[in-house]
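This note's numbering puts the first residue of the sequence shown at 5, with every later residue one more than the last. Even for Gly, the Cβ is constructed at its ideal location relative to N, Cα and C. Reviewing the structure listed below.
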Amino acid sequence: MEAEREHIVIRGCGAISALGIDAQSAAQAYLSGKPSFSVIQHQEQATPVAALSETGESALRKLQTDNPSYRQLDRSVLLAIFAARQATEQARWLHPLSGTQEELAVNIGSSRGATGLFEQHFEDFQQQKLSSSASPTTTLGNLSSWVGHAVHAGGAQISHSITCSTALMAVANGVAWLRAGMARRFLAGGTEAPLTDFTIAQMKAIGIYSAMHDQLYPCQPYGISGQNTFVLGEGAAVLALEKTPASQLSKGDVIIEATGFGFEQIKSKTGISDEGLNFQQSMRHALSQLSFQKQAVDVIITHSPGTRAGDKAELNAIKALFEKNLPAITTNKHLLGHTLGASGALSLQYALLLFTQQQISIPGYTSTLPSQPVSCINRIMINAAGFGGNSASIILSLV
């Protein structure tokens, strides 16, 4: 007798960003199309960023009162804990009195890690007053271990970085672990708190940071300004994944149908070719896992960081792969900036909202995106790519 097919289902999604601290506030932000940028002074220059609102700051302060140890943690770890708790509560996995869940594994990633604390401790080091907590609180492992502690996870706890593909790689890893039977439940996502002096300076040094601080949309993926409009944002998103037999799926469930990966040889500082070869590989790899009848994608949520080279490469890759059958194309970075290692997970949150809203957020500025009408959104592809030539694509489907 043939075994029943099993699917990887998204049982919960928690997120915090400049757009909001839960699905409701984020949904409102997407529907309004109102960006969430503010302007700070960085090195005596007006600099746009996508920082948490006062509501978000209040939520983090409240979180810190839950455990005295949280006051020592980097902001990136706090963001991850907040999102992970939300995801597990939505999945109904969080039972404080039930003890450790040994079959719950965790994989949380970040491009930069504890950059805020690291910069603080390095400054202390230069003044010869380094704290004994410097090393324990700046290791990348903080991300998964503290999340695991917060949600009573007793399975594997993995922290990793693969630049801006980090979150999608974490989700792909979760899919692999569940399919292999190495975990029964899996928390996967990304977090980033990069709004620090040194991190912002690094992005400016590359020459990609937006100078459009006086515009409503300082970040304009596929815009017509001819400028680089990259803007840093902060946030985290975590997904609660579970393997479920086909007979137990319910209408409205969202499943992860495919995960694809791409890589191209590094030919520049960012590892991006004009043709977007890494994107072509990851999208083709993901599509190859679907039956021929299911290879129609309704929407692609692009990585599109607002840089001339990156946006052009991804759009070239999409056109090369889909040719005349272009899906609708959308992005969210014009609203929340580029959250680096968390960006893919926040794009997944956007995808879940698209399934519910059945309408795309249209940029409030003139863009070069191909205008493709979409009447029904049942299958979405999400892309991410990072420095070093890597990329990832994930396909979600609505049951």
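Return helix, strand or coil for residue i, following the three-state DSSP convention.
i           : result
residue 245 : strand
residue 197 : coil
residue 143 : coil
residue 8   : coil
residue 82  : helix
residue 239 : strand
residue 405 : Residue coverage of the chain in this structure runs from 5 to 403, which leaves residue 405 outside it and unanswerable.
residue 385 : strand
residue 32  : helix
residue 117 : coil
residue 219 : coil
residue 105 : strand
residue 182 : helix
residue 156 : coil
residue 75  : helix
residue 38  : coil
Who are residue i's beta bridge partners in DSSP?
i           : result
residue 394 : 267, 390
residue 52  : 43
residue 110 : 161, 191
residue 234 : 213
residue 21  : 24, 239
residue 258 : 402
residue 227 : 371
residue 13  : 246, 259
residue 168 : 166
residue 68  : The partner list for residue 68 (beta bridge, DSSP) is empty, contrary to what the question assumes.
Expressed to the nearest angstrom, what Euclidean distance is found between the alpha-carbon atoms of residue i and residue j?
i           : j           : result
residue 140 : residue 150 : 12 Å
residue 84  : residue 64  : 11 Å
residue 212 : residue 307 : 15 Å
residue 79  : residue 62  : 13 Å
residue 167 : residue 53  : 19 Å
residue 370 : residue 288 : 29 Å
residue 376 : residue 131 : 57 Å
residue 392 : residue 324 : 22 Å
residue 232 : residue 312 : 6 Å
residue 209 : residue 270 : 19 Å
residue 97  : residue 349 : 20 Å
residue 189 : residue 316 : 38 Å
residue 381 : residue 351 : 15 Å
residue 71  : residue 120 : 20 Å
residue 224 : residue 301 : 24 Å
residue 38  : residue 186 : 42 Å
residue 23  : residue 7   : 43 Å
residue 322 : residue 133 : 52 Å
residue 144 : residue 328 : 43 Å
residue 73  : residue 156 : 16 Å
residue 25  : residue 379 : 29 Å
residue 295 : residue 401 : 13 Å
Among residues of its own chain, excluding the 5 on either side of residue i, which ones have a beta-carbon nearer than 6 Å to its beta-carbon?
i           : result
residue 285 : 266
residue 46  : 204
residue 14  : 243, 258
residue 152 : 110, 161
residue 11  : 248, 259
residue 281 : 268
residue 396 : 169, 172, 173, 265, 286, 388
residue 43  : 50, 52, 217
Ordered along the chain, which non-local residues of its own chain (more than five positions away) have a Cβ less than 8 Å from that of residue i?
i           : result
residue 135 : 125, 128
residue 93  : 16, 18
residue 330 : 322, 323, 374, 376
Leaving out five residues on either side along the sequence, give the residues of the same chain with a beta carbon under 7 Å from the beta carbon of residue i.
i           : result
residue 122 : 142
residue 334 : 303, 305, 364, 365
residue 372 : 226, 228
residue 199 : 53, 55, 236, 238
residue 158 : 104, 105, 106, 108
residue 178 : 111, 190, 192, 245
residue 148 : 110, 111, 112, 161, 162, 163
Does any residue of chain B have a CB that is nearer than 8 Å to the CB of residue i?
i           : result
residue 257 : Of the protein chains in the structure, only one exists, and it is not chain B.
At what residue ranges does the stretch 274-311 contain a whole run of the alpha helix (DSSP H), taking only runs of 4 or more? 281-291
4 or more residues per run - each alpha helix (DSSP H) lying fully within the stretch 311-375: 312-326, 337-340, 347-361
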